[in-house]
Each structure stands twice: as structure tokens, then as C-alpha cells.
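Respectively, the protein sequence lines represent chains A and B.
Residues 7 to 249 in our numbering are what the first sequence spells out, letter by letter.
Residues 85 to 523 in our numbering are what the second sequence spells out, letter by letter.
Idealized CB from N, CA, C, for every residue including glycine.
All figures in this text were calculated on a predicted structure; none of them were measured in a lab.
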Amino acid sequence: MRPASLLGLAALAAAAAPAARHAVAHEGHAPRPVAAAIFPIPAPGSYRLPPIKRAAGGTVLDEAGRPRDLLAPDLLAPDLPAPDLPEVARGITVLALIYTRCGDVCPLASADMARLQDLAAKDPAVARRTRLVSLSFDPEHDTPEVMRSFAAAWRSADPAAPAWAFLTAPGRAELAPILAAYGQRVDAGPDGSLTHVFRAFLIDSEGRVRNIYSLDFFEPALVLADIRTLLLEGAGSGGRQGR
Amino acid sequence: MPGERTIPCRRSALMLCAAAPLLAAQPARSDETCQSPYMAKITGIEDFVYVWTLGVEGLGDGSDKLVTVDARESSPTFGKPIHAAPVGGRHEAHHGGFTDDRRQFWAAGLSDSKIFIFDVATEPAKPRLVKVIDDFVEASGGAAGPHGAYALPGRMLIPSLSNRHGTGRAALVEYSNEGDYVATHWLPTDAEPNGARIEGRADGYGYDARVLPRRNVMLTSSFTGLENYMRPLGDLMKDGEAMKRFGQTMVLWDFHARQPRAVLNVPGVPLEIRWAWGPKNTYAFTSTALTSKLWLVREDAPGAWSAKPVAEIGDPSTLPVPVDISLSADDRTLFVDTFMDGTTRVFDVSDPEKPRQIYEKKIGAQLNMVSQSWDGKRIYYTSSLLANWDKTGTENEQFLKAYAWNGKELTARFAIDFTAERLGRPHMMAFGATALYAK
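This is how it looks when you write it as C-alpha cells:
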């Protein structure tokens with residue numbers, strides 16, 4: 007059985023366990039159609055995404071264990087000299103805060119990230135200027151090696167797809183200010199599980215948070231519309247006034 | 085092998101992941117219905133009921149305050165107020181709500197537009213005032229009278245009732261969870277429809293705002309402006325011109341774009357909005373205060389929404405004034421409070437087109453808010469509507485009353501006299517639980 011299927015089965019088993027104690031929201035999470043959004047998606051550029059707050063950087067480890075800054079332009083191309091950095095360095099970031107042992111919301115969120123990666127792969131202009139980042143808040147378990155293995159289960163091999171980095175923190179001390187800046191509270195339960203509300207962040211090229219998603223609204227087609235809205239705004243041709 | 089993940093393989097993982105929460109679904113025992121779908125949910129019986137309470141001059145400290153009521157049946161202080169967090173002064177305390185992570189409770193004041201932020205996570209029995217937003221009018225570009233606080237991911241949506249001129253033109257205002265202003269969205273009017281289709285007229289008034297995420301829609305309802313709601317009710321009722329300045333509409337929004345799509349005719353002041361919870365139940369209820377009707381707003385076809393009256397509440401000719409409503413988590417039972425006769429009525433709404441009253445009980449001389457536990461077994465009521473609209477003399481009863489509901493009748497659990505306890509006028513209730521913040 008392939009890693010992704012194993013991951014899905016693990017999620018199935020963990021979520022069915024009565025001891026699951028992750029914070030759940032009031033809205034249920036019904037299975038989503040794979041191919042279509044569940045509601046009409048507004049046209050990119052027909053609405054605005056007002057800046058909510060500054061996005062935070064901080065020291066993280068990439069899949070090779072190298073220390074990086076979370077918002078560094080060279081996050082996904084650390085070996086390239088600055089002039090050769092790809093367009094993605096000046097693009098849009100979708101940041102999901104997860105942990106790999108999570109038995110309910112995180113696998114769903116990673117599935118949505120994977121669908122977003124697939125959707126974005128169909129639009130080279132978007133793919134070039136978008137990067138996906140999954141950051142673990144479980145550094146004791148989620149080592150760079152674990153994240154590398156996790157990435158293998160989820161990341162697309164399509165060369166047209168946007169880059170997707172799987173990061174962890176060197177330790178709690180480095181992680182704490184990042185979580186605080188994003189307002190992500192994580193509490194450890196007696197069984198070792200981590201209680202959290204899932205959040206993902208849309209970060210523009212100037213390092214501002216432009217949208218925050220719960221799982222209910224982490225709809226890949228919608229996130230893609232948001233990315234396109236920001237790219238249009240950057241090109242000076244999008245953005246409805248009033249929001 | 086690693087790195088050679090195939091799309092079909094990943095697809096199967098997606099489907100398995102999507103199915104997992106359904107298999108894990110178990111009957112939730114507690115929490116309150118009628119909350120933001122974005123908010124973390126209590127999964128055990130509530131420990132506390134927080135009560136946002138209006139101060140009364142000469143009663144106790146006279147200040148608005150967040151009162152903690154002990155709801156733990158095994159506690160020696162069960163059914164008693166065990167803590168009060170005063171905010172200093174009176175601000176027409178009205179509604180409030182938790183942030184999405186349920187770590188803060190935002191409580192709004194209708195008179196001076198201040199918003200008080202309490203930390204309820206550090207010590208859930210003893211909420212602590214940690215921040216006051218006092219720039220609401222200026223930051224929002226003129227919105228005033230913040231009515232409530234509705235959790236969105238990382239943000240709070242605050243519907244206003246009024247504006248800096250005191251009229252009923254209202255807005256939806258967003259703040260980050262950190263308390264920083266983000267955006268303002270004005271309700272559509274005839275002059276500025278903002279792209280909305282208008283059934284009859286667009287009055288621009290506001291009251292409640294609730295989101296149905298899976299349809300990407302938000303509904304808003306409409307009340308009146310500061311010049312009316314801060315006025316003594318007796319005077320107001322005699323002023324024919326002022327009585328014309330009440331909401332007659334509901335607005336359906338494209339939630340993600342924050343753009344109004346349709347202004348629906350709902351005459352008679354539609355107030356609280358309750359979306360059904362069932363995954364296929366694409367409808368909401370509201371009640372109209374001045375015409376005493378239950379209204380159903382539903383999606384008749386994809387993208388096509390309508391509103392229609394489906395039941396009368398009591399005898400509309402006696403002006404019972406329905407105020408708060410509470411829909412059970414299974415979408416079958418709707419509690420409706422009427423202020424003037426102090427009565428709660430229970431409707432079977434399993435057929436939303438044909439609500440049928442199955443029970444009624446007089447709770448007190450006046451009655452406003454109702455909060456229902458997720459399992460539908462515990463019902464809490466409070467008495468106060470607005471400082472200048474509450475009854476006077478012996479009819480000015482100020483209470484929180486707790487009942488058990490067995491599907492047929494209410495049985496008293498406990499009652500707190502907020503005047504005797506020198507606390508004030510109890511209004512909005514919200515449930516708290518220590519287990520949610522386990523370290």
C-alpha cells in the first residue's frame with residue numbers, strides 16, 4: 007500500500023477513536039467532492055482581501071534539517087544566489103499549521119493543500135508565484151526526517167505544480183513566538199495528542215496576512231481565487247474597493 | 085516509493101481522510117446551539133454560564149459586568165453566581181461572543197460603542213478583562229452601536245446597529261482576534277445597493293449576522309438605530325415617525341466576497357437568525373418582533389433564496405414581541421421567547437415550512453434571551469432587553485432561570501435573582517468549560 011493510503015487509513019482509525027480530543031468547530035466537515043467546489047466561487051479580482059496583520063517569520067528547519075526563516079525568499083531555493091531566485095520568492099504563500107500525528111483535521115487540511123497544489127499546477131502563472139508551506143507545531147515528533155516522509159505522501163511530483171515545503175521547528179523555544187504571532191494555540195493532552203483549531207494563512211508578497219481559513223473555508227478553489235485576486239492586485243488590475 | 089506518489093493513490097487518501105470525521109461523529113453532549121460554526125465546541129457538559137450584565141445605578145457597583153454562574157451540578161456553588169468581572173460604568177451591555185479558539189469573550193456596549201475583551205481561557209471560572217476597543221466608531225468609518233461579536237477564523241465580525249449620527253444605517257465591522265480593525269461593510273440601501281437585488285426596499289438597517297459556510301452565504305437582519313433603542317420605550321411607542329424607523333429587511337450576502345446579493349422583504353423587525361445544522365438543511369429561521377411571526381429563509385434552488393412567514397407566535401394582536409430564538413442541534417425544536425408576556429414557546433420545526441407549537445410556559449414578568457445546550461436537555465433564560473425598554477416596578481424582574489427539557493416540558497433546575505444579588509440586568513449568555521483549555 008502506498009504511503010498516502012496508509013496515511014488515510016491512519017487518519018480514519020485515529021479519528022474514529024473515542025479518545026480523540028481535538029478542538030472541533032460547530033460546523034461538521036462533510037466529505038468534499040474531489041473535482042468541484044461545494045459552492046460558487048467569486049471571480050478573482052471581484053473582491054478585496056484587506057490586510058489582517060503582519061505575517062511572522064522565525065527559525066524553522068526544512069526537510070534536510072537546514073535552518074531557514076519561515077518567510078525567507080529563498081525558503082524553497084536555498085542554494086540559489088539571490089538574483090536567480092525564482093518568481094515564487096516574490097509571490098504568495100499559503101501556510102498551514104499542522105502536526106503529522108493529528109488524527110482528524112490535519113489530514114483533511116493536507117488533503118486540501120494537495121488539491122490546491124493540483125489546481126494551481128494547471129495555471130503556470132499562478133504556480134510560478136505560489137508556494138505552499140506546511141509547518142508542524144510538534145517538533146519533538148515531527149523531525150525533518152518525519153516531515154520529509156510526510157511530504158512524500160502528499161506532495162505532487164508534477165513539475166508544473168507550485169512548490170510545497172514541509173517544515174518543522176528546531177524546538178519549542180523557536181516555535182513559541184511563531185505560534186504566538188499567528189494566534190495559534192496548541193495544548194498538549196494527557197494522551198499526547200495536541201488540541202488545536204486548524205488555521206491556514208494567505209500571505210502576500212509584502213508579508214501581510216490577507217486571509218485566514220478554518221477547515222470549513224479551506225476550499226482549494228476558493229484559496230486559488232484568493233491567490234489570483236492578490237496577483238491581480240499586484241498587477242494593478244484587480245481589487246474591488248470597499249473591503 | 086517515496087517521491088513517486090501518484091495522483092490516483094493520493095485521491096484514495098483524500099477520500100479516506102474526508103470520511104474519517106463522519107465515522108468519528110458521536111452525539112455531542114453539550115455546548116450551546118446557535119453559535120458561530122467557526123468556533124471550537126465544548127464536548128462535555130458546560131461548567132459555567134457567562135452572563136453579560138447591564139449595570140444598574142445604585143445596585144452593587146452599578147457597572148456592566150461579565151457574571152460567571154456555576155452550572156456544575158456536583159459543585160457546592162451550583163446555580164450560584166461565583167464571579168463578576170466589572171468593566172467600569174454602564175455601556176448598554178447587550179450581546180457578545182467567543183473568538184474562534186474560544187479563548188476570549190468579546191462583549192459589546194450599545195451606547196458608547198466600546199467592546200470589552202475578556203480572557204476566559206486562563207481561569208475559566210474567573211474571566212479577566214484584558215482589552216477595551218474604544219475606536220470602533222472612528223476606525224470603522226462611522227459605524228456605531230456594536231451589537232454582538234461573531235467568530236470568524238482569526239477575526240471577529242461585529243454587526244452594528246447604528247452610526248455616528250444615531251440613525252439605523254448599519255455596517256458589519258471586522259477586527260482581528262488581536263483587537264485591530266480590519267474592514268467595514270455597510271448594509272445596502274436603495275441609494276447604494278452595492279450590486280444587491282432588492283425585492284422591495286433596502287433600508288440599510290442591521291442586527292444579527294450569521295454565516296452558512298457550506299453555501300458561502302451570510303444572512304443579516306435589521307433592527308433600529310441608536311436614536312430609537314436608547315429612548316424610553318413608552319415615549320418611542322407614541323412617536324409615529326420614530327416607529328417607522330425599524331428594519332423591514334434581511335440581506336443575503338456572498339460571504340467570501342462580503343458582497344450583498346439580495347435584500348429580502350421581511351417586515352416587522354427580523355432579529356435573531358438561526359441556521360439549521362443538518363448538512364442538507366439549507367435554511368434559517370428568524371422571528372419578527374413587531375408582527376410576531378416566524379420566518380423561514382431558504383435556498384429554493386442553487387443561488388435562489390426566498391423568505392416567507394411560516395407561523396404566528398402567540399397572538400400577534402397583543403404584541404407579544406418575540407425576541408430571542410434557539411434551534412436545537414437536530415433542527416427539530418425551536419424555542420421562542422416573547423418579551424411582553426414573559427413566555428417561552430416551543431415549536432416542532434421538523435417540517436420547517438409548517439412549524440407547530442407543542443408547548444408554552446410563562447417564565448417571568450419579562451423574558452429575553454434563551455440558550456440551549458447542544459443535547460437539548462438544559463435551557464437557560466434571562467430577562468433584560470434594553471435598560472430603557474425593560475418593564476418597571478414589580479414587573480422589572482431580573483433573573484437567570486435554568487430548566488431541564490425532556491422533549492415535553494420544562495422542569496426548574498435553579499434561578500438567580502440578579503437584583504437581589506445586586507448584579508444588574510442579565511442579558512446575553514454563553515457557555516464555558518474548563519476542559520476546553522486542558523494544558
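Presumed contact (8 Å Cβ cut-off) between residue i and residue j, rounded CB distance
i	j	result
Val-152/A	Leu-101/A	No, Val-152/A and Leu-101/A are not in contact; Cβ-Cβ is about 19 Å, not under 8 Å.
Ser-376/B	Ile-397/B	5 Å
Trp-379/B	Val-350/B	6 Å
Arg-239/B	Ile-58/A	7 Å
His-175/B	Asp-145/B	That pair is no contact at about 14 Å.
Arg-178/A	Pro-226/A	Not really, about 32 Å apart at Cβ, beyond 8 Å.
Gly-387/B	Pro-46/A	7 Å
Ala-169/B	Gly-232/B	Rounded, the Cβ-Cβ distance is 18 Å, inconsistent with contact.
Gly-180/B	Met-512/B	5 Å
Phe-207/A	Ala-61/A	7 Å
Chain B within 7 Å of residue i, Cβ atoms only
i	result
Arg-234/A	no
Arg-216/A	no
Gly-63/A	no
Glu-33/A	Bear in mind that the predicted position of Glu-33/A carries a pLDDT of just 46, short of 50, making it unreliable; the figure below should be weighed with that in mind. Glu-33/A counts as touching chain B.
Lys-59/A	yes
Pro-183/A	no
Gly-51/A	no
Phe-156/A	no
Ser-220/A	yes
Arg-74/A	no
Arg-205/A	yes
Pro-48/A	yes
Cβ of residue i within 7 Å of any chain A Cβ
i	result
Tyr-122/B	yes
Asn-365/B	no
Val-214/B	no
Phe-462/B	The identity of residue 462/B in the sequence shown is Arg, whereas the question assumes Phe. No, Arg-462/B does not count as interfacial toward chain A.
Ser-306/B	no
Pro-297/B	yes
Pro-272/B	no
Val-266/B	yes
Ala-514/B	no
Arg-345/B	no
Ala-168/B	no
His-340/B	yes
Asp-185/B	yes
Asn-261/B	yes
Pro-211/B	no
Beta-carbon contacts of residue i that lie in its chain and below 7 Å, excluding the five residues immediately before and after
i	result
Thr-495/B	Tyr-487 and Ala-488
Glu-481/B	Gly-448, Ala-449, Gln-450 and Ser-467
Ala-235/B	Ser-120, Tyr-122, Met-123, Gly-181, Phe-182, Thr-183 and Asp-184
Ala-177/B	Trp-136, Thr-137, Leu-138, Asp-148, Ala-191, Gly-193 and His-511
Per DSSP, cross-strand counterpart(s) of residue i
i	result
Arg-382/B	Tyr-367/B and Ser-390/B
Trp-361/B	For Trp-361/B, which the question treats as bridged, DSSP gives no partner whatsoever.
Lys-485/B	Tyr-465/B and Ala-499/B
Asn-472/B	In the DSSP output, where bridge partners are listed per residue, Asn-472/B has none listed.
Pro-121/B	The partner list for Pro-121/B (beta bridge, DSSP) is empty, contrary to what the question assumes.
Asn-247/B	Ala-227/B
Glu-258/B	Leu-241/B and Ala-267/B
Gly-181/B	Trp-190/B
Leu-185/A	In DSSP, Leu-185/A forms no bridge with anything.
Met-513/B	Val-135/B
8 Å Cβ shell around residue i - same chain, five flanking residues per side excluded
i	result
Gln-188/B	Phe-182, Ile-201, Phe-202, Asp-203, Val-204, Ala-205, Val-214 and Asn-261
Ala-231/A	Ile-47, Pro-48, Ala-49 and Pro-50
Ala-127/A	Ala-133, Ser-162, Asp-164, Ala-166, Ala-167 and Pro-168
Sequence-distant residues of the same chain with beta carbon closer than 6 Å to residue i, five excluded per side
i	result
Lys-445/B	Thr-428 and Leu-494
Gly-163/B	Phe-498
Gly-172/B	Ser-147
Tyr-521/B	Ala-205
Pro-439/B	Leu-378, Val-394, Ala-395, Phe-431 and Val-433
Leu-76/A	Gly-63, Gly-64 and Val-66
Val-221/B	Ser-197, Ala-228 and Arg-248
Gln-441/B	Arg-429 and Phe-431
Ala-175/A	Val-66, Pro-145 and Leu-181
Fully enclosed by the region 205 to 233 of chain B, which alpha helix (DSSP H) runs are 4 residues long or longer?
-> The qualifying runs are 220 to 224.
Which parts of the region 270 to 335 of chain B are runs of the beta strand (DSSP E), unbroken and 3 residues or longer, counting only runs that do not cross its ends?
-> Runs found: 293 to 296 and 301 to 304.
Just list the beta strand (DSSP E) runs in the region 84 to 166 of chain A, keeping only unbroken ones of 3 residues or longer that don't cross its boundaries, in chain order.
-> Within the region 84 to 166 of chain A, the complete beta strand (DSSP E) runs of at least 3 residues are 98 to 104 and 136 to 142.
Can you list, in chain order, the stretches of the alpha helix (DSSP H) that have 4 or more residues and sit fully within the region 404 to 445 of chain B?
-> Counting only runs of 4 or more, we get nothing.
Going along the region 158 to 191 of chain A in order, which residues come within less than 9 Å of chain C, judged by CB to CB distance?
-> In the displayed structure, chain C is absent; the protein chains listed are A and B.
Hey, which unbroken runs of the beta strand (DSSP E) at 3 residues or more fall wholly within the region 212 to 248 of chain A?
-> Fully enclosed beta strand (DSSP E) runs of 3 or longer: 214 to 219.
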